[in-house]
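What follows is a set of notes on a single structure, which appears directly below.
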Amino acid sequence: PEELSMTSQPQVPGAPAVYLFREETSEDNLHMYSVYVRLKVLTEAGKEHANVELRYFAGNVFNASIDSIAGRTIEPDGRIVPFTGKPYEKLIVKQSRERYMAKVFTMPDVEVGSILEYRYKIRWDDHFYQAPEWMVQSELFERKAHFQWKPNNTNRILSDGQGRLVSTIAWAPILPEGVKLEQTQLPPMGQHDGQTVFDLVVHDIAPQPEEEFMPPISSFTYRVQFYYTPFRNGAEFWKNEGNAWAKKQDKFIGPGPAVRSSAAELTAGANTPDARLRKLYAAVQQFENTDFTRERSNQEEKAEGLRDVSSTDDILQRKRGDSNQLADLFIAMARASGFTASPMLVTNRDQRIFFPGYLSFNQLDNIVAVVNVDGKDLFLDPGARFCPYGHLAWKHTLAGGIREVGSGSALTGTPAEPYTDSRTQRVANLTLDEHGSVHGTIKMTYIGSPALRWREHSLKGDDASLRHELQESVERLIPRGMEIKVASIDKLADYEQPLTVNFDVSGTPGSATGKRLLLPSDIFEANVTSTFPHEKREVGVYFEFPHMVQDAVRINFPPALAIESMPKSDKIQYAKNAAYTVTTEQTPTSFTLRRNFLLGEIIFVPKDYPDLRSFYGKVETKDQETLVLKLPGNETEKAQVTGGSGNQ
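If you want it as structure tokens, here you go:
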């Protein structure tokens, strides 16, 4: 009765919904993971939780399936409406031979005050044992949650499905103060030792923070990550597993005879180490990256006369591979050309932060190349499509991981890149008439990470969709009274050059009040809102990459108009981490603004938040200053402003 009648949760006023109870149970002997949810809808927005999406992996390594889906909606008056629909399957992501799938369904007759109740089971292959990861904190407030794991109940060594032997269970917890993981041992049954059971019960768990520019939330919320390991401590794990990984990589990379022959041919005529390496990098970049296209089936490859991939020679023969295979091929070519080159397996910073205390290779994602050139290590990203030579994709910078070193391996990190390497230049050249309408051009130039993002994005659609999304990206910046159209896209495939997009623009950017015309001084900041609206913050600020934004806006106007006031030049600095400058100048028939914004750091801890917020607030206030023009037809007032009295 209390759950049926409740209309809000005091700890989270205005919350759209809350979990009344959530339960997750993993049973290794049954190769099954079951979930039960009871959720209360509190507002209209909360009705979105009627659309349920159950995600799972399907593929060679972790082949899972979902079944036993059941549910019902309990109306505020207690009436029960059972779920009788049929879920449909949706592909989320396909990478290599793995697929990330979802079963999707909608709960029936949901209204404000309804309780949604559903359960389902995920099953996996008998050969596979998957240690669970309990994500204790979710997007909703949780009144109560229960997590349980019943691992395999025998003493024999288990396989994790990838050929490695594992035995000991360990875990890495991040939990609220006072909450403890319970481990119990059930009595023996027959010839088997007693069943080990792990339990966790939590109450009144706040929803995960939703703030601007957050780090990957899965690395900071309450959670318990289990894993199997035969090692006694982290140092032993990373040394032994890292060395095994490096040995396996060396066997795959080679180089073999085909790679040696190709590398020699590609570097012929190159007179310096840098020139040789650039040629190899360019060659690998031209190969098909199947992470952006599709993986061929075994039947397709057999039809082409191709054998299974067992070395970089096989990747070279195909002239295609996923990101990691192409990185390995580049390393093989570099070795064949006399370089000391090694692979490094790193975490993608857009997904998680590397946590050495979590003894699992599952948190490492992509291979980057480390090549010694003239005594210095050069980090390269040949597996990142369109990444320029000498750089890393932003998600691989400042990333933790493990690197092959000599005959072994070592935990290490990748370097940062300076803000000057990632720039967006925005240039507007506009002509204004006496009625407040403008026409002209906008030129957007993307360098470094911004260019890489658009280039990779272009691989996901056609030319029409790319033009539409580029247009929308600038429409979100400029005044709403302006129309914009893509005129040209230059250097889209030339990853070593800036990406340039030209637009034709027209419309009415400002507003008239009496005999004055008010215009935004920087049209690219016309729609800016507060970057950090909240006064306090629980989680540190996390930007993706250091960057620089450079604006140049020129507005030409007829002699009949005159500038009454315009923003003054200014400079705002935040320690050594960020800076902003704006300069303005005028002629009798033009106004020009130049704006530079640079961010040199990407991580700011909560104690730095007030100063960072203050800096952004000052910048945003300055950006909202307007250009005021006198319209024709008020010569008396104009004479008072510019006349010989000295008043101006």
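Just so we're aligned: 284 in this note's numbering is position 225 of the sequence shown, and the numbers increase by one with no gaps anywhere. Every residue, glycine too, gets a C-beta built ideally from N, C-alpha and C. For clarity, every value in this text was computed on a predicted model and none was experimentally measured.
Inter-residue CB distance, residue i and residue j (contact presumed, cutoff 8 Å)
i, j, result
"F279", "V600", "Between V600 and F279 the Cβ distance is about 13 Å, and since that is not below 8 Å, they are no contact."
"R539", "D610", "No, R539 and D610 are not in contact; Cβ-Cβ is about 19 Å, not under 8 Å."
"D387", "F296", "About 24 Å; that fails the 8 Å criterion."
"V182", "L79", "First, the amino acid is wrong: residue 182 is Arg here, not Val. With 8 Å as the limit, R182 and L79 do not qualify as a contact, their Cβ atoms being about 26 Å apart."
"L451", "R514", "Their Cβ separation, rounded to whole angstroms, is 15 Å, which puts L451 and R514 out of contact at 8 Å."
"T371", "G293", "In fact, because the Cβ distance is near 31 Å, the residues do not count as touching under 8 Å."
"V598", "P268", "5 Å"
"G177", "M160", "Contrary to the premise, residue 177 reads as Tyr rather than Gly in this sequence. With a Cβ gap of about 18 Å, Y177 and M160 do not count as contacting."
"F346", "L385", "6 Å"
"Q207", "F257", "7 Å"
Sequence-distant residues of the same chain with beta carbon closer than 6 Å to residue i, five excluded per side
i, result
"A458", "V405, T406, R408 and T473"
"T567", "G495, S496 and G540"
"I548", "V560"
"T349", "R379 and D381"
"V430", "A393, F398, A400 and L437"
"L491", "V497, I614 and F616"
"S565", "H498 and E542"
"L652", "S580, D581, V612 and T643"
"S508", "W453, S481 and F604"
"D433", "none"
"G467", "N302"
"G172", "P135"
"A443", "A452"
"Q410", "P275"
"P332", "V432"
"D168", "T132 and V140"
"I501", "A487, F562 and V564"
Counterpart residues of residue i in DSSP-defined beta bridges
i, result
"A341", "According to DSSP, A341 bridges with nothing at all."
"N615", "T490 and S649"
"Y554", "None, per the DSSP bridge assignment."
"R282", "M194 and I233"
"H710", "Because the chain in this structure spans residues 60 to 707, residue 710 falls outside the shown range and cannot be described."
"Y712", "Given that the chain is displayed from residue 60 to residue 707, the structure contains no residue 712 and the question cannot be resolved."
"M607", "R482 and L657"
"E7", "Since the first residue of the chain shown is 60 and the last is 707, residue 7 is not available in this structure."
"V260", "H205"
"F200", "V77"
"Q267", "Beta-bridge pairing links Q267 to no other residue."
For residue j and residue i, the rounded distance between their alpha carbons
i, j, result
"E148", "V163", "6 Å"
"S570", "I622", "15 Å"
"L325", "I631", "50 Å"
"V77", "V195", "14 Å"
"T143", "N110", "14 Å"
"L551", "A190", "44 Å"
"T642", "S580", "11 Å"
"G222", "Y417", "Only weak support exists for where G222 lies, its pLDDT of 49 falling under 50; the value from the coordinates is given anyway. G222 and Y417: Cα-Cα distance of roughly 20 Å."
"N299", "P60", "56 Å"
"A469", "E463", "7 Å"
"G465", "L423", "20 Å"
"S53", "D670", "Nothing can be reported for residue 53: it is not among the residues displayed for the chain, which extend from 60 to 707."
"C446", "I506", "11 Å"
"A74", "K106", "12 Å"
"D219", "E192", "Here D219 scores only 47 on pLDDT, less than 50, and its place in the model should not be relied on; the value that follows carries that caveat. Spanning the two alpha carbons is a distance of roughly 15 Å."
"L234", "R282", "6 Å"
"R483", "M503", "For clarity, residue 483 is Thr in the given sequence; the question names Arg instead. Their backbone Cα atoms lie some 7 Å apart in a straight line."
"D563", "F663", "39 Å"
"K677", "V94", "48 Å"
"N586", "A638", "21 Å"
"K666", "E534", "35 Å"
"D8", "T680", "Because the chain in this structure spans residues 60 to 707, residue 8 falls outside the shown range and cannot be described."
Cut-off 8 Å between Cβ atoms - residues of its own chain near residue i, not counting five sequence neighbours on either side
i, result
"D14", "Limits of the chain in this structure are 60 at one end and 707 at the other, which puts residue 14 out of reach."
"Q70", "F200, D263 and A265"
"A341", "Y448"
Sequence-distant residues of the same chain with beta carbon closer than 7 Å to residue i, five excluded per side
i, result
"Y478", "P605, H606, M607, L657, L658 and G659"
"K99", "E62, M65, A76, V77, L79 and I174"
"A123", "Y115, F116, A117, I181, R182 and W183"
"P146", "I128, K162, V163 and F164"
"G315", "S370, T371 and D372"
"V545", "R526, L529, Q530, V560 and F562"
"S624", "V687"
CB contact below 8 Å: residue i versus chain B
i, result
"G380", "The question asks about chain B, but that chain is absent: this structure has only one protein chain."
> Going along the chain, which unbroken runs of the beta strand (DSSP E) with 3 or more residues stay wholly within the region 448-504?
Replying inline: 459-464, 467-472 and 482-491
>> At 3 residues or longer, what runs of the beta strand (DSSP E) sit wholly inside the region 87-149?
In response: 91-100, 110-118, 123-133 and 139-141
>> Which runs of the beta strand (DSSP E) at least 3 residues long sit entirely within the region 318-406? Give them in chain order.
In response: 399-405
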